[in-house]
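Structure, as structure tokens:
Numbering (the working numbering), first residue to last: 2 to 154.
Dropping the structure here:
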């Protein structure tokens with residue numbers, strides 16, 4: 002079906018009934034009532050607007066612009082990946098952090114098989130590491146690592 006404004010208006014006018022405003026309604030209330038009826042021209046336009054509305058502007062994409070867009074997209078994606086990878090720890094950095102945690106663990110007589118760290122040593126490890134490790138050494142992380150049986154470790 003081709004979209005034709007004249008046919009749309011004719012179809013809308015066939016079903017449109019205008020009633021008098023004898024009941025002392027103001028214009029806004031009357032307008033809202035008419036707009037909510039199913040047989041108004043607005044609803045016909047909504048129904049027809051699926052794929053039948055003509056496109057008024059279609060940008061002409063040249064090969065130059067398209068190549069520029071793909072290069073820009075690839076560059077942006079590459080920079081995002083680089084930034085995210087720079088925030089991740091490498092295996093050597095993880096091993097170094099683990100060795101520092103092992104060096105600063107707090108020995109306990111009762112629990113030989115488990116190693117614990119108190120908050121003072123936890124902060125010392127944090128100070129020895131760079132800013133890249135800060136997200137792992139928050140007080141909330143220390144509280145998540147606590148054992149419920151032993152207070153402070």
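From the three backbone atoms N, C-alpha and C, an ideal C-beta is built for every residue, glycine too.
- The three-state secondary structure of residue 107, taken from DSSP, is strand.
- Going by DSSP, residue 123 is part of the alpha helix (DSSP H) stretching over 120–129.
- Here the segment 81–91 makes no contact with the segment 114–130; the two share fewer than three CB pairs at distances below 8 Å.
- Here residue 106 has 116, 117, 118, 122 as same chain residues with Cβ atoms under 8 Å from its own Cβ, once five neighbours each way along the sequence are excluded.
- For residue 70, the uninterrupted alpha helix (DSSP H) run begins and ends at 64–88, by DSSP.
- Comparing alpha carbon positions, the residue from 98, 108, 76, 147 closest to residue 136 is 98.
- Taking 8 Å as the upper bound for CB-CB distance, residue 90 and residue 129 are not in contact here, some 15 Å apart.
- According to DSSP, residue pairing for residue 117 in a beta bridge involves 107.
- In terms of CA proximity to residue 120, 144 leads the group 68, 29, 144, 64.
- In the DSSP annotation of this structure, the continuous segment of the alpha helix (DSSP H) that includes residue 141 starts and ends at 140–146.
- Going by C-alpha positions, residue 96 is about 27 Å away from residue 79.
- When secondary structure is reduced to three states using DSSP, residue 5 falls in the coil class, being assigned neither helix nor strand.
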